[in-house]
Amino acid sequence: MMEILAMLQLPFMQRALIAGIALGLILPFLGVFVTLRRMSFFGDGIAHATLAGVAIGIVAGVSPFLTALGIGALFGAGVYLLERKTNLSSDAIIGVLFTGGLAIGIVLISLQTGYQPELLSFLFGSILSVGPQDLGIIVGFSAAIVLALLMLLRQLTLLALDKETAWLYGVRTEFLDFFFYVLLSVTIVLGVKLLGIILVSALLIIPPTIAKMLAPSFKTLIGGSVIAGEAFIVLGLMLSFLLDLPSGATIILVGVVAFLLVAMRQIVLRAPIR
Amino acid sequence: MDDRYAVQAEQLWFSYGSDDPILQDVSFSIPQGSIAAIIGPNGSGKTTLLKILLGFLFPQQGKVWILGKTPQQARGDVAYVSQRFSFDKSFPITVLEFLQLSHPQCAKEKIVQYLSHLKIAETLNMKLGSLSEGQLQRVLIERAMLGDPKILFLDEPAAGIDIGGEQPFYELVLHLHREHGSTVIMVSHELDVVANYAGLVLCLNRKLVCQGKPEQALSPETLRELYGKEVALYHHRDRS
Numbered sequence: 001m002m003e004i005l006a007m008l009q010l011p012f013m014q015r016a017l018i019a020g021i022a023l024g025l026i027l028p029f030l031g032v033f034v035t036l037r038r039m040s041f042f043g044d045g046i047a048h049a050t051l052a053g054v055a056i057g058i059v060a061g062v063s064p065f066l067t068a069l070g071i072g073a074l075f076g077a078g079v080y081l082l083e084r085k086t087n088l089s090s091d092a093i094i095g096v097l098f099t100g101g102l103a104i105g106i107v108l109i110s111l112q113t114g115y116q117p118e119l120l121s122f123l124f125g126s127i128l129s130v131g132p133q134d135l136g137i138i139v140g141f142s143a144a145i146v147l148a149l150l151m152l153l154r155q156l157t158l159l160a161l162d163k164e165t166a167w168l169y170g171v172r173t174e175f176l177d178f179f180f181y182v183l184l185s186v187t188i189v190l191g192v193k194l195l196g197i198i199l200v201s202a203l204l205i206i207p208p209t210i211a212k213m214l215a216p217s218f219k220t221l222i223g224g225s226v227i228a229g230e231a232f233i234v235l236g237l238m239l240s241f242l243l244d245l246p247s248g249a250t251i252i253l254v255g256v257v258a259f260l261l262v263a264m265r266q267i268v269l270r271a272p273i274r
Numbered sequence: 275m276d277d278r279y280a281v282q283a284e285q286l287w288f289s290y291g292s293d294d295p296i297l298q299d300v301s302f303s304i305p306q307g308s309i310a311a312i313i314g315p316n317g318s319g320k321t322t323l324l325k326i327l328l329g330f331l332f333p334q335q336g337k338v339w340i341l342g343k344t345p346q347q348a349r350g351d352v353a354y355v356s357q358r359f360s361f362d363k364s365f366p367i368t369v370l371e372f373l374q375l376s377h378p379q380c381a382k383e384k385i386v387q388y389l390s391h392l393k394i395a396e397t398l399n400m401k402l403g404s405l406s407e408g409q410l411q412r413v414l415i416e417r418a419m420l421g422d423p424k425i426l427f428l429d430e431p432a433a434g435i436d437i438g439g440e441q442p443f444y445e446l447v448l449h450l451h452r453e454h455g456s457t458v459i460m461v462s463h464e465l466d467v468v469a470n471y472a473g474l475v476l477c478l479n480r481k482l483v484c485q486g487k488p489e490q491a492l493s494p495e496t497l498r499e500l501y502g503k504e505v506a507l508y509h510h511r512d513r514s
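Sequence order for the protein chains is A and B. Per our numbering, residue 1 is the first one in the first sequence, and the count goes up by one each step. Per our numbering, residue 275 is the first one in the second sequence, and the count goes up by one each step.
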């Protein structure tokens, strides 16, 4: 208990917790639509392509977080346009952009000499890596994203369920689709500081997947996803601090354990009676 | 354009990419308040035509007016039930939530009343993914009708319903048509359904082969021309 209180006194831990709580709100919330639209690979792809943005920032000597945000939004818009203007499948487009972004990142970083600690923190996530400026960016963007999600909740749900009918009900489907891709890309990049490029998309997927197994309605699905996301982040950050483990991996492992418990419960409840 | 007509289509041409046109010079009019059926073999352009009328697709040539307006302007006046409503069945949305999502201004009492009318009142708080095909189609019909549309478009709406459920389903559509005065335009493979319920039949095989009342349009000669083989309708005297 004393250790937890001591931990909460530390400025870097306070920043990590505040950033985590903001991310625990937006990643699972958007994750509901990602799982509904079966776009899990998109999240993974954007996160990996972000390495190009990080590398550009490092090479140019500017905030890699900001360049990653710009590149992430650009990749999201690129996937959207290529999906509509070519006959290629979404998987193929994301696969090419994902590996392309990684390749650009690796080439640029290889041109740099010496150890790149910032790069490692982007790859695996670190509670030490959230600086005051990063915190401002994460909290500011998260507030705007939550506001946008609440305002567009009905339209986004209609779009995810059935695009054609959504259009008939007055939804500007093409614009909203584009907006969703960019919003999702930015949200994923916001999470890479704490969770890491490799693991950030898990927080999009695991909370809604667990909530789907338990929720009796759509409202409880969203609420349950956010509560689960927040719980994984807070518990994962504490364990990360106490056990000196990487923050991203610890948060995701907490989520995976919760998923296994809920899945086992469902298996037991659905087991046929012999 | 003439607003006595629910739909007016003029010399429509449409092709997907560089393929041969799936619609070739298709023109027709459907008066308001009628039940019209679009029939034709697979790949004849029925669903494409419906999607153009709904404004989901744009014809490369030709014009469409819905109630005297463009399909884009008329989207608040129409409703649509698609051939297959495919969604993630594990997605936990209740029937009430689903209907309120489409019609946020609609009172819960009206939703409950419609569900009772459709004989699926028990589904109100059930998850959409747990419904049978027949129940789901009724929920989709309710979603379409809750907005009191002037035109109801149905694309093979009974495709997922078992044989015994088809007739009650179409009786329900007929009842809704009479009660609301909506124009109903349906794509159907079921010639017996078309003969029993439609007042106007459009026979489509990329071109409009014929149009008229069922007794004219469903003649053995027309059907042979449309389907390219012997197809005929046999009427059973004891049909109830």
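Just so it is clear, CB atoms sit at the ideal spot from N, CA and C, and this is done for glycine as well.
Classification of residue i by the beta-carbon crowding that lies within 10 angstroms, buried from 16 upward
i	result
A:Met1	exposed
B:Asn479	buried
B:Ser390	exposed
B:Ser301	exposed
B:Glu489	exposed
A:His48	buried
B:Phe332	exposed
B:Glu430	buried
A:Thr86	exposed
A:Thr113	exposed
A:Thr162	Thr is not the amino acid found at residue 162 of chain A; the sequence shown has Asp there. Burial call: buried.
A:Val257	exposed
A:Gly76	buried
B:Gln347	exposed
B:Gln411	buried
A:Thr99	exposed
A:Ile106	exposed
B:Pro378	exposed
First and last residue of the uninterrupted alpha helix (DSSP H) at residue i
i	result
B:Ile385	Lys382 to His391
A:Gln266	Ser247 to Arg270
A:Glu174	Thr173 to Leu195
A:Gly229	Phe218 to Leu243
B:Met419	Glu407 to Leu420
B:Ser493	Taken as a continuous stretch (DSSP letters only), B:Ser493 belongs to no alpha helix (DSSP H), as it is neither H nor E.
A:Ile138	Pro132 to Met151
B:Tyr471	Leu465 to Tyr471
A:Gln9	Met2 to Gln9
A:Pro207	Ala202 to Leu214
A:Ala166	Lys163 to Leu168
First through last residue of the beta strand (DSSP E) which encompasses residue i
i	result
B:Gly486	Lys481 to Gly486
According to DSSP, residues forming a beta bridge with residue i
i	result
B:Met515	Outside the displayed span of chain B (275 to 514) sits residue 515 of chain B, for which this structure offers no information.
B:Gln282	B:Ser303 and B:Trp339
B:Trp287	B:Gln335
B:Thr368	B:Lys401
B:Leu476	B:Ile312 and B:Gln485
B:Tyr354	B:Phe427
Inter-residue spacing [alpha-carbon to alpha-carbon] between residue i and residue j
i	j	result
A:Val79	A:Phe179	12 Å
B:Val386	B:Ala418	15 Å
B:Thr496	B:Pro315	13 Å
A:Ile145	B:Lys343	37 Å
A:Leu120	A:Arg15	19 Å
A:Gly20	B:Ser404	36 Å
B:Leu297	B:Lys337	13 Å
A:Thr187	A:Ala202	13 Å
B:Pro305	B:Val458	10 Å
A:Val54	A:Ile251	22 Å
B:Ser514	A:Lys212	Confidence in B:Ser514 is poor, its pLDDT being 44 and thus under 50, which makes the residue's placement unreliable; the coordinate value appears in the next sentence. Their Cα atoms are separated by approximately 45 Å.
B:Met400	A:Leu27	28 Å
A:Gly31	A:Ile198	17 Å
B:Tyr290	A:Leu82	18 Å
B:Glu383	B:Gly455	22 Å
B:Ala433	B:Leu426	17 Å
A:Leu261	A:Leu239	19 Å
B:Ala395	B:Leu446	15 Å
A:Leu152	B:Gln485	44 Å
A:Asp91	A:Leu97	10 Å
A:Glu174	A:Trp167	9 Å
Under 9 Å from the C-beta of residue i: neighbouring residues of chain C
i	result
A:Ser217	The structure shown contains no chain C; its protein chains are A and B.
_What ranges does the beta strand (DSSP E) occupy inside the region 294-334 of chain B, keeping only unbroken runs of at least 3 residues that lie completely in it?_
If only complete runs of 3 or more residues are kept, the region 294-334 of chain B shows the beta strand (DSSP E) at 297-305 and 309-313, in order along the chain.
*Which whole runs of the alpha helix (DSSP H) in the region 14-90 of chain A are 4 residues long or more, in chain order?*
The alpha helix (DSSP H) runs lying completely inside the region 14-90 of chain A and spanning 4 residues or more are 40-60 and 64-85, given in chain order.
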